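Participant:
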Amino acid sequence: EKQKDVMVNSVAPVWDGNETWIVLGGASLFGAFPMAYAVIIEALTIPLTLMLIALIFRGVAFEFRFKALENHLKFWDRSFIVGSILTTFFQGIVVGAVIQGFTVENRVFVGSQLD
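Right, dumping it as structure tokens:
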């Protein structure tokens, strides 16, 4: 348990920076390539939304772990693990979909949400 505390405390100072980069990436994509942003957001609404929910869940678990009572630490540790796994999973789906490509006609995404 002591080792977990040391690991979590080593990440705490830079924790918010990771999520800031995701927001900056989305905003930069929108600013630099608005047409690509529109197609990507429409094509990947489901996995991007689920990834953001998992990121929020992971962030809440990370912050609440510091304030948790001793008997709730395992719950927040497991919540952090689940949030991390789901975030990674949905990031993989997004990357795979981008590599596979999108069906676009006349600058509009014409596929379905489950393509």
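Residue numbers for the sequence shown follow my numbering, so the first one is 10 and each next one is one higher. Every residue, glycine too, gets a C-beta built ideally from N, C-alpha and C. Keep in mind that this is a model prediction, so the values were computed, not measured.
1. Using beta-carbon positions only, say whether Pro56 and Val103 come within less than 7 Å of one another.
2. Per DSSP, which one or two residues make a beta bridge with Phe118?
3. To the nearest angstrom, how far is the alpha carbon of Phe71 from that of Trp85?
4. I'd like to check one pair, Ser37 with Pro67: are the Cβ atoms closer than 7 Å?
5. How many Å lie between Arg74 and Lys83 at the Cα?
Facilitator: The answer reads as follows:
1. As a working mapping, residue 56 is identified with position 47 in the sequence shown. As a working mapping, residue 103 is identified with position 94 in the sequence shown. The Cβ-Cβ distance between Pro56 and Val103 falls below 7 Å.
2. Counting from 1 along the sequence shown, the entry for residue 118 is found at position 109. DSSP, once it has assigned bridges, lists Val113 as partnering Phe118.
3. The residue you call residue 71 lines up with position 62 of the sequence shown. The residue you call residue 85 lines up with position 76 of the sequence shown. C-alpha separation (whole angstroms): 7 Å.
4. Taking the sequence shown and counting its residues from 1, the one referred to as residue 67 is at position 58. Taking the sequence shown and counting its residues from 1, the one referred to as residue 37 is at position 28. One point to set straight first is that residue 67 is Arg, not Pro, in the sequence displayed. Cβ distance not < 7 Å, so Arg67 and Ser37 don't count as in contact.
5. Within the sequence shown, residue 74 is the residue found at index 65, counting from 1. Within the sequence shown, residue 83 is the residue found at index 74, counting from 1. If I take the Cα positions, the gap works out to 9 Å.
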